[in-house]
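Engineer:
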Amino acid sequence: MNMGHLLEVNDLVMHFKIQDGWVEAVDHVTFHVDEGETLGVVGESGCGKTTTAYAVTQLLPKNAYIKGGYIKFKGKDLTEFVNDDGTIDIFNQAIREIRWDEISIIFQGAMDALNPVYRVGDQIEEAIMAHTDSLPGLIDDEFREKFAGMRVEEREIARHRIEKLYDIVNINRDRIDNYPHEYSGGMKQRALIAMALALRPDFIIADEPTTALDVITSYKILKEIKRIQAEHNQSMMMISHDISRVAEMSNRMAVMYAGRIAETARTVDLFCDAKHPYTLGLINSIPTILGTKEEMKDRLKGIRGSPPPLVNPPKGCRFHPRCDFAKDKCKKYSPKPAEVGPDHLVWCWKADTENKGHEWK
Amino acid sequence: MDRENVVEIRNLKMYFDIKMGLSGLWSKEQLQVKAVDDISMDIRRGEVISLVGETGCGKTTVGRLILRLDTPTAGHINFEGADIAALKTKQVKQFRKKAQMIFQDPYASLNPRMTVSQTVSEPLINYGYRRQPEIMNEKVAKALRDAGLRPIDEYIERFPHELSGGERQRVSIARALVMDPTFIVADEPVSMLDVSIRAGVMNLMMRLRDQYGIAYQLITHDISVARYMSDRIAIMYLGKIMELADTETIVKRPFHPYTRALIKAVPIADPTRARPDLPIKGDIPSPIHRPKGCVFNTRCIYAVDECRETTPPLEMFGRDHKVACILAHRGDLPEPEPLEEDEACESYEGTNDVESRSSEAGPREGGAP
Ligand SMILES: Nc1ncnc2c1ncn2[C@@H]1O[C@H](COP(=O)(O)OP(=O)(O)OP(=O)(O)O)[C@@H](O)[C@H]1O
Ligand SMILES: Nc1ncnc2c1ncn2[C@@H]1O[C@H](COP(=O)(O)OP(=O)(O)O)[C@@H](O)[C@H]1O
Ligand code: SF4
Ligand code: SF4
Ligand SMILES: [Mg+2]
Ligand SMILES: [Mg+2]
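Protein chains in written order, with my numbering: chain V, 19 to 379; chain U, 6 to 374.
1. Compile a chain-ordered list of the residues in the segment 257–269 of chain V whose CB is closer than 9 Å to at least one CB of chain U.
2. What does residue 318 of chain V touch in chain U if you count any residue whose Cβ is under 8 Å from its own?
3. In chain V, what lies closer than 8 Å to residue 266 of chain U by C-beta?
4. Comparing C-alpha positions only, which one of U:355, U:132, U:316, U:320 sits nearest to residue 185 of chain U?
5. Inspect the CB distances between the segment 88–107 of chain U and the segment 156–166 of chain U and report whether three or more fall short of 8 Å.
6. Can you find a CB in chain U that lies within less than 7 Å of the CB of residue 246 of chain V?
7. Only counting the same chain, and skipping five residues up and downstream in sequence, which positions put a Cβ closer than 7 Å to that of residue 361 of chain U?
8. Whose CB is closer than 5 Å to a heavy atom of ligand 2? List the residues in chain order.
9. For residue 367 of chain V, which of helix, strand or coil comes out of DSSP?
10. Could you tell me if the beta carbon of residue 93 of chain U falls within a distance shorter than 6 Å of some heavy atom in ligand 6?
11. For a contact meaning CB atoms closer than 9 Å, what does residue 226 of chain U contact in chain V?
12. Which residues does DSSP pair with residue 127 of chain U in a beta bridge?
13. Cβ-heavy atom distance between residue 330 of chain U and ligand 3 below 6 Å?
14. Do residue 126 of chain V and ligand 5 come close, with the Cβ less than 6 Å from some heavy atom?
15. What I want to know is whether the C-beta of residue 317 of chain U ends up closer than 6 Å to one or more non-hydrogen atoms of ligand 4.
16. How many whole angstroms separate the CB atoms of residue 54 of chain U and residue 177 of chain U, which I take to be in contact at a CB cut-off of 8 Å?
17. How about residue 341 of chain V: is its Cβ closer than 6 Å to a heavy atom in ligand 4?
18. Give the straight-line distance between the Cα atoms of residue 122 of chain V and residue 48 of chain V, rounded to the nearest whole angstrom.
19. Just how far apart, CA to CA, sit residue 123 of chain U and residue 200 of chain U?
20. Relative to the alpha-carbon of residue 58 of chain U, which residue among U:297, U:325, U:354, U:261 has its alpha-carbon at the smallest distance?
21. Pull up the CB-CB distance for residue 206 of chain U and residue 194 of chain U, whole angstroms please, since I reckon it's below 8 Å.
22. Check whether chain U comes within 7 Å of residue 305 of chain V, counting only Cβ atoms and requiring the distance to be less than that.
23. Whose C-alpha, out of V:189, V:264, V:236, V:202, is nearest the C-alpha of residue 292 of chain U?
24. Could you tell me which chain V residues have their CB closer than 8 Å to the CB of residue 285 of chain U, listed as they occur along the chain?
25. Consider the C-beta atom of residue 46 of chain V and the heavy atoms of ligand 3; say whether any pair is separated by less than 6 Å.
26. Are the C-beta atoms of residue 374 of chain U and some chain V residue less than 7 Å apart?
27. Check whether the segment 359–370 of chain V touches the segment 282–290 of chain V, counting contact only when three or more Cβ pairs, one atom from each stretch, lie closer than 8 Å.
28. Under the three-state reduction of DSSP, which class applies to residue 57 of chain V: helix, strand or coil?
29. Skipping 5 residues on each side, what residues in its chain have a beta carbon closer than 7 Å to that of residue 296 of chain U?
30. Alpha carbon to alpha carbon, how far is residue 415 of chain V from residue 293 of chain V?
31. Below 8 Å, can you find three or more Cβ-Cβ pairs linking the segment 242–259 of chain V to the segment 216–225 of chain V?
32. Using a Cβ-Cβ cutoff of 9 Å, what residues of the segment 169–203 of chain U are near chain V? List them in chain order.
33. So for residue 234 of chain U, helix, strand or coil by DSSP?
34. How about residue 78 of chain U: is its Cβ closer than 6 Å to a heavy atom in ligand 1?
35. Going by other Cβ atoms of all chains shown within 10 Å of its Cβ, with 16 needed for buried, is residue 350 of chain V buried or exposed?
36. For a contact meaning CB atoms closer than 7 Å, what does residue 270 of chain U contact in chain V?
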C-alpha cells in the first residue's frame, strides 16, 4: 500500500522559532494521501492544520525549521532540500516546479489574496505564465480548432485556459476582465479555485476554502470542487475546522490536536467508530438539523477548556488537560499510534489499551 | 396571543443612502440600500427567536434598530408596550438596561485595557452603583458565576488577552447579564468561536433563558445553530422576512422556496450521503438593485410571471406559521420533502475485516532523526 501513496508525510516535525522559544506547530505528524482521494483535516484553530499544509509545499516562513521526518510526493523526498539547520531553501528549484504545477493551494481567507488593482483574469494569467513549460499540455481540441493554421502566442493558450476554467467554476466568461471588487465573495473564491486548477495539478490543498462563505455558496462551491476532482481523478487535502463539512467531502480524515495527529481513518469509520476522546468531543460539538431536538440536546456537549498554546504544550498526550479519561500515563508519555482497524490509527493510550483487549482503568 | 410580547416590530424600514464614487455624480437618483424593507414581527417574553439569512440580508440592522442604536427610515418598534422612538431621557436609560446586546466578535467587543471585573461593573457604574460597592460587587460576582466563569477569583483580574475566545464571550454575556435584562440581541454569538467551545456558550445562553426568562433575538447564518437554540425562526432575504414559524416547522415543513434551499445546503456529517442539487439558482442580487415583485424571484426555481410583478406579503399560512410566497398560498408548491433521519451510523458495521488490513498502514518506526 505504501507504494501507491501520492503524498506521504512521516513523523514530520516542524517548529517555528520565536523569541521565547519554539512553537511546536507540527510535531511527529504522520499521514498519507492516495491517488484520487480526498483527505479531510480537522481540528480547532491553532492546532497546526494550515502549517501542515504549508509544510507539504515547503511554503514556509523564515522562522520555520524542519527538525525531523520526511515528506514524499510521488516518491520524491521533498525534505531532501532542507538545510542542515532545518531551515528551508525557499528558492529551491525542484520545489518551485512542483508547486502549482503538481500541487496547488487554495489559500485560507483567499478572497483577500486577490490583488485589488489588477483584473482577476490577468492575475490568473500571470500564475499560468509563470509555468510556460506546462502550456503545451493545456492545449485542447477546442483550442486547436479555434486556432487551426494560425500562429499562436503563449498568452493565447493561457487565455483559452482561463475561459475553460471559468466554465468549470461556473463564472460567466465575460467577467474575466473584471476587478476583484466587482466580484461577490463567492465569485472571488471561485476565481481562486480556477487559479488553483489552472495547471491541472494532481494534488490540491484547500485550506478552509469556504469558511467565510454562506451555506448556499459554500455548498455550490464544494459540489463544484468535488465534481472537478472526480472528473480529473485529482487528489485533495481539505482543511477545515468544521467536521461535518469535511466529512461530506472526504474519503479519509485526519484529526489534528495541538500540532499532532489524534486519529486518522476512513471518514465513515472516523464518524461511526471514533476512538479518540478528542474526535468524539468534536463530533459532539456540532448541532445538526437531522434527528430530534431532544437527541441533539443530549448529545451536544462540546469539550471543556480550550486548546493549549503550542509554546511549551502539555507533556505526554497534549489533550490530557481536557480529557475526561486521562490517567497518569497520559500525563507522562506521548501516545504511540494504535491500529484499531484497517487504515485507522489512534494516538491515545486508552484506545491502545482497549484495542489490546484490556480495560482502561 | 398566548404570551405577552417584549418587542413588537411594525412595518420597519431602514434605507441607507449610498455614495457612488465618480459615476454617482452623473446619476440622477440617489441610490439606496434597502437593508430592512417593511418588516413586522413580535418577540415574545422569554422566547428565543432567530433571524437567519445569508450575509447582507439585514439581520444585524434589525437588531441594531430594536436596540435603538440606529433610527429607522420608517416604522415602529414597541418595547414592553412603549414606542422606543418616543421614550423620554429617563425611560431611555431604563430601556438601555433591559435590552442588551452580545456581539459576534468577542475580541473586538471588549476593551483590551479593562480587567474582567472592570468590564462587567462598567455598566453598573453608569447607573450610579459606584456609591454602593457591596451591591455592585455582589451583582458582578453573580453575573460572572451565571456566565460560567468560575471560580470567579481566577478571572476578575484578567485582561481580555489573557482569556480564551469562549471565556471572552462569557465575559460579554456577564456584562449583559449584570443589568438584569429582559431581552438580549445576540449577533452571531458563537460563529467566531471554535466548534468545541460553541456548545458550552449555546448551552449557557439557553440555561439563562430558562432561569431568568430572558428573551433573545439570535442572529445567525447557521440554521443548525438556530434550530438548536430557538423557539421560532424568521428567514430573511434582501431585507424582508420570507418565512416565520416555530423551529420545527421551519426545519421539517418549510413552505418558502428559499427556506427549503437553505435547509438543503446545511452540511450533514454523513460521507455516504450524495449531495443533491440545491433548489436555487444564481447568486444574491446586489441590494442596491433589488428585483421587482418577489425579491427572491431571480433565484426561485418556481417563479412565474406574476412573481416578477407582485410582492407577496408575509401572510398567515398555518398555525404560528407565516410565509411570503405567491405560489405557497395558492397551494401550487410541492409538499416539502421529509427531512432525513439522522442515521449516518445506524447501518455501520465496523471495520474489523482483518482481510483488508494493511500491514504497512502504521508509521515507520524511528522516522525522526
Ligand atoms: N451604515 C450603513 N451604510 C450603508 N449600508 C449599510 C449600512 N449598514 C448596513 N448596510 C447595508 O445593509 C445591508 C444589510 O446589512 P446587515 O449588516 O444588516 O446584514 P447582515 O444580515 O447582518 O449580514 P452579515 O451576515 O454579513 O452580518 C447590507 O447590504 C449592508 O451593506
Ligand atoms: N510564522 C509563525 N511563527 C510562529 N508561530 C506560528 C507561525 N505561523 C503559525 N504559527 C503558530 O502555529 C500554530 C498552528 O497554526 P496554524 O497552522 O495556522 O493552525 P490552524 O490552521 O490549525 O488554525 C499556532 O499556534 C500559530 O500561532
Ligand atoms: S491518551 Fe489519555 S489523555 Fe490522551 S486522549 Fe487518550 S485517554 Fe485522553
Ligand atoms: S413568490 Fe414566486 S418567486 Fe417568490 S418565492 Fe414564491 S414562487 Fe418563488
Ligand atoms: Mg488555518
Ligand atoms: Mg451581521
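Think of the CB as a built atom: it goes at the ideal place given N, C-alpha and C, for glycine as much as any other residue.
Structural biologist: In brief:
1. 259, 260, 261, 262, 263, 264, 265, 266, 267, 268, 269
2. 204, 207, 208, 233
3. 234
4. U:132
5. no
6. no
7. Caution applies to residue 361 of chain U, whose pLDDT of 39 falls short of 50 and renders its modelled position unreliable; the value that the coordinates give is listed next. The answer is none, since no qualifying residue turns up.
8. V:34, V:41, V:43, V:63, V:64, V:65, V:66, V:67, V:68, V:69, V:79, V:328
9. helix
10. no
11. 232, 233
12. Its beta-bridge partners do not exist; DSSP assigns none.
13. no
14. yes
15. yes
16. With a Cβ gap of about 20 Å, residue 54 of chain U and residue 177 of chain U do not count as contacting.
17. no
18. 21 Å
19. 29 Å
20. U:261
21. 6 Å
22. yes
23. V:202
24. 234
25. no
26. With a pLDDT of 31 at residue 374 of chain U, under the threshold of 50, the modelled position of this residue cannot be trusted; read the value that follows with caution. Chain V, which has a Cβ nearer than 7 Å to the Cβ of residue 374 of chain U, makes this yes.
27. yes
28. strand
29. 290, 302, 303
30. A query on residue 415 of chain V cannot be resolved here, the shown segment of chain V reaching from 19 to 379 and no further.
31. yes
32. 169, 170, 171, 172, 199, 200, 201, 202, 203
33. helix
34. no
35. exposed
36. 233, 234, 237
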